[in-house]
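To start, the structure itself, in structure tokens.
Number of protein chains: 2
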Amino acid sequence: MAEKLTQTERDEDLAPLLASGWSMVDGRDAIARRFEFRNFIEAWGFMTRAAMQAEKLNHHPEWSNVYNTVDVTLSTHDADGLTALDVKLAKRMDKLAK
Amino acid sequence: MAEKLTQTERDEDLAPLLASGWSMVDGRDAIARRFEFRNFIEAWGFMTRAAMQAEKLNHHPEWSNVYNTVDVTLSTHDADGLTALDVKLAKRMDKLAK
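Quick note, the sequences are listed as chains G and D, same order. First residue of the first sequence: -15, per our numbering; consecutive thereafter. First residue of the second sequence: -15, per our numbering; consecutive thereafter.
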């Protein structure tokens, strides 16, 4: 069972994500980011690769897509907040979106 | 340029969708439906096939996914409301989800 991030982990692992495009979600221990692409095909390509990573991690995003835009929210349901899995998936998504 | 559905088209083409799982969205000329699957892989399979249809029609959904659930909203941005493209994509999605 995943454990919520400690304060040290938040300072070391979460802070860099918050400094580079992710933000805390109001009223939830969750992070969110909007990814924008040139068109639907590019957005879908990103989502497909991210979906594979999510399934491999057995950790799935809350996300929505409108044409070239993908809005992602990450949190760990079982832990009712952010865990190392969210940090891992966020980093992989950032890498895939590059 | 897509034209908004006429009243006759709404009676003949939209009504069957509204009778079988789709509903009008409050405050918008749009329809929405929730699709539920056994797990993420099944949900993703549906989305992938629907994405191909959307790209072929050059008409894209607003949709979100959380694990096994896919929420879809359809409307035609250029027409500021429902057009024949929305009816077509809704029917294809229903078929894919079966």
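Beta carbons are placed, not taken as given, at the ideal position from N, Cα and C, and that holds for glycine. Note that the structure is a prediction, hence the values are computed from the model and not measured.
Since residue 44 of chain D meets chain G, which of its residues come closer than 7 Å, beta carbon to beta carbon? Here residue 44 of chain D refers to the residue found at position 60 of the second sequence. Those within 7 Å of residue 44 of chain D in chain G are 24, 51.
Between residue 20 of chain G and chain D, is there a C-beta pair that is closer than 8 Å? Translated into the one-based positions of the first sequence, residue 20 of chain G becomes position 36. With 8 Å as the cut-off, residue 20 of chain G does not count as an interface residue toward chain D.
Helix or strand or just coil, what does DSSP make of residue 16 of chain G? Working through the first sequence from its first residue, we reach residue 16 of chain G at position 32. The answer is strand: DSSP assigns residue 16 of chain G an E or B state.
Among G:53, G:1, G:-9, the one whose alpha carbon lies nearest that of residue 70 of chain G: Translated into positions along the first sequence, residue 70 of chain G becomes position 86. Considering only alpha carbons, the answer is G:1.
By the three-class DSSP mapping on this structure, what secondary structure does residue 9 of chain D have? Start at 1 with the first residue of the second sequence, and residue 9 of chain D comes out as number 25. Residue 9 of chain D: coil per DSSP, three-state reduction.
Run down chain D in chain order and give the residues with a C-beta less than 7 Å from the C-beta of residue 35 of chain G. By 1-based counting over the first sequence, the position of residue 35 of chain G is 51. Residues of chain D passing the Cβ test: 28.
Best match in G:26, G:74, G:42, G:47 for proximity to residue 62 of chain G [C-alpha to C-alpha]: Taking the first sequence and counting its residues from 1, one reaches residue 62 of chain G at position 78. When only C-alpha atoms are compared, the closest one is G:42.
Output the distance between the C-alpha atoms of residue 51 of chain D and residue 20 of chain D, rounded to the nearest integer angstrom. The residue you call residue 51 of chain D lines up with position 67 of the second sequence. The residue you call residue 20 of chain D lines up with position 36 of the second sequence. Rounded to the nearest angstrom, the two C-alpha atoms are 9 Å apart.
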